[in-house]
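When we follow the working numbering, the leftmost residue of the first sequence carries the number 1, and every step to the right adds one. All C-beta atoms in this analysis are idealised placements derived from N, C-alpha and C, irrespective of residue type, glycine included. A short write-up of the structure that comes next.
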Amino acid sequence: MIALVDVNSFYASCEQVFRPDLWGRPVVVLSNNDGCVIAANREAKSLGIPMWKPAYQSMPLLDRHGVAVFSSNYPLYGDMSRRVMETLATMTPDLEVYSIDEAFLRVPTSETDLQAYAQRLRARVHQWTGLPVGVGIAPSKALAKVASRMAKRERDRSRNVFVIADEETRTRVLSDFPVEDLWGIGRRIATRLQARGVNTAAQFTALSDAWVRQELTVNGLRLKRELTGHPQLSLEVDPPPKKMMGTAKSFGRDLTEECLIREALAYYVAECAVKLRRQKFLAGNLTVYLETNPFREDAPQYVNQTECRLSVPTDDTLALTRQAEAALSRIFRPGYAYKKVGVWFSGLVRPQAVQQDLFAADPGPRHDRIMAVMDRVNLRYGKGSLQTGAAGFRREEWKLRQERLSPRYTTCLEEVLTVR
DNA sequence: TCTGGGGTCCTAGGACCC
DNA sequence: TCTGGGGTCCTAGGACCC
Numbered sequence: 001m002i003a004l005v006d007v008n009s010f011y012a013s014c015e016q017v018f019r020p021d022l023w024g025r026p027v028v029v030l031s032n033n034d035g036c037v038i039a040a041n042r043e044a045k046s047l048g049i050p051m052w053k054p055a056y057q058s059m060p061l062l063d064r065h066g067v068a069v070f071s072s073n074y075p076l077y078g079d080m081s082r083r084v085m086e087t088l089a090t091m092t093p094d095l096e097v098y099s100i101d102e103a104f105l106r107v108p109t110s111e112t113d114l115q116a117y118a119q120r121l122r123a124r125v126h127q128w129t130g131l132p133v134g135v136g137i138a139p140s141k142a143l144a145k146v147a148s149r150m151a152k153r154e155r156d157r158s159r160n161v162f163v164i165a166d167e168e169t170r171t172r173v174l175s176d177f178p179v180e181d182l183w184g185i186g187r188r189i190a191t192r193l194q195a196r197g198v199n200t201a202a203q204f205t206a207l208s209d210a211w212v213r214q215e216l217t218v219n220g221l222r223l224k225r226e227l228t229g230h231p232q233l234s235l236e237v238d239p240p241p242k243k244m245m246g247t248a249k250s251f252g253r254d255l256t257e258e259c260l261i262r263e264a265l266a267y268y269v270a271e272c273a274v275k276l277r278r279q280k281f282l283a284g285n286l287t288v289y290l291e292t293n294p295f296r297e298d299a300p301q302y303v304n305q306t307e308c309r310l311s312v313p314t315d316d317t318l319a320l321t322r323q324a325e326a327a328l329s330r331i332f333r334p335g336y337a338y339k340k341v342g343v344w345f346s347g348l349v350r351p352q353a354v355q356q357d358l359f360a361a362d363p364g365p366r367h368d369r370i371m372a373v374m375d376r377v378n379l380r381y382g383k384g385s386l387q388t389g390a391a392g393f394r395r396e397e398w399k400l401r402q403e404r405l406s407p408r409y410t411t412c413l414e415e416v417l418t419v420r
């Protein structure tokens, strides 16, 4: 049996852990740039605050009900996530970390009382991290996802557990489960299914294999089999190596000046190159992406991206910045108000596997030691303490808005909670 | 004024191989 | 007039996930 454990309203719950004054009160968390409401705890949801809607539209409602509003604090959420996963690892032989707030795990065969096991999971995570989790248990991953949805419906907060272990439960649950809530069924496919009169998971599993394969590709077929209790997806205990990584962020305001966009890009390249070095990859390709604000109907729109192949894979911020700047000048067009720039590294390889370029006359100097020093300084004195000149000194002009940021309680010594 | 960021997988179609 | 069969690799675009 597979269990899916997920943290209830993860971001909002992280904010509450260190703020007892907010326990039982409505809390929401905003997306980057304080743009949209992206997480709300149960108290906030019951006020009818919409997710993924611009925050400014909900502000009157938030103010009226005294909702606590936070900017996203990813260092905090990332660290809390790690604690949850480490706790779960103590209770299962096989753990797949599926997302920042979810994990699939194999229920040990010695566990005969699944309800009791799930309750022990919840209790341990809560005791060790302060976070509330829900647990869904079923024979396949897709059914565990369904079960975890059912767990959320439990009125009694102290339960939040649902087990699909027998055929009767499986068919009963699926007959009442909205097809658009299935794992792998997004908005587009849901619309197509509903147009054919398929509204529940049970109706979906009754479709013919041929039709599902034709219309929804192999993914649809896999989902169908998973839902009928035939596991198709194994637990990914050792995650396959990453294929790409990137950094792309909206600016605090729309930018028309190429020089500022160039600085932001250099800053993102440096951030992403840190990720590259930390995870011990070299990048073989680099893509730069540029776009205007798609929500501005009064302004002309422009979106473009360009990829370049590096002659030799690298993790050198200086080399990557140079390539990224060249790529940007290929796609930058004056006269637009830009909202976002981003960089993606792909063709990731391990340093041992690098093939040298036979024809490159001069691969350029190696900056391994400079990079190591930069990383050490920034770790010790904070991100951005030491940066390249390309990243500029006008960050105020384009940096994210984060007006309601909570302290980094668990990852920054200056911001650790003080108890008297 | 204000609308997220970081990923993966699949398919179709073109270029190219023998 | 008539124009194969079996493949690989790459890219762009679409769909999905949290």
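message: Am I right that Thr228 and Thr205 are in contact with their C-beta atoms under 8 angstroms? What's the rounded C-beta distance?
response: 5 angstroms
message: Tell me the rounded alpha-carbon separation between Leu417 and Ala190.
response: 46 angstroms
- prompt: If Leu286 and Gln232 are in contact, beta carbons under 8 angstroms, what's the gap, nearest whole angstrom?
  reply: Contact doesn't hold; Cβ gap of about 35 angstroms is too wide.
message: Considering only DSSP beta bridges, list what Ser250 is partnered with.
response: Lys340
message: Does the beta-carbon of Leu131, which I'm using as the reference point, lie nearer than 7 angstroms to any heavy atom of the ligand SAM?
response: With respect to the ligand SAM, the structure shown offers nothing to examine, as it has no ligands at all.
message: As an exercise, report each continuous beta strand (DSSP E) stretch of at least 3 residues that is fully enclosed by the segment 226-277, in chain order.
response: 244-255
message: I need the straight-line Cα distance from Phe162 to Val84, nearest angstrom please.
response: 20 angstroms
query: What's the gap between the Cα of Ala270 and the Cα of Gln279?
result: 14 angstroms
- request: Taking Val28 and Ala12 to be in contact with their CB atoms under 8 angstroms, please state how far apart those CB atoms are, rounded to whole angstroms.
  value: 6 angstroms
task: With a 10 Å radius around its C-beta and 16 neighbouring C-beta atoms as the bar for buried, classify Tyr336 as buried or exposed.
output: buried
C-alpha gap between Thr306 and His367, whole angstroms: 25 angstroms
Cβ separation of Lys339 and Asn293, assumed to be a contact under 8 angstroms, to the nearest whole Å: 4 angstroms
message: Under 8 angstroms, with one C-beta from each stretch per pair, do the segment 14-27 and the segment 128-145 reach the 3-pair mark?
response: yes
field: Residue closest to Asp316, alpha-carbon to alpha-carbon, out of Leu328, Val274, Val349 and Cys308
entry: Val274
- request: Use the C-beta contact count for Gly382: other C-beta atoms within 10 angstroms, 16 or more gives buried, fewer gives exposed.
  value: exposed
query: Would you call Gln387 buried or exposed, if buried means 16 or more other Cβ atoms sit within 10 Å of its Cβ?
result: buried
query: Closest by CA to Lys249, which one among Glu236, Lys243 and Trp398?
result: Trp398
message: Using DSSP's beta-bridge definition, name the partner residues of Ile137.
response: Ala3 and Val163
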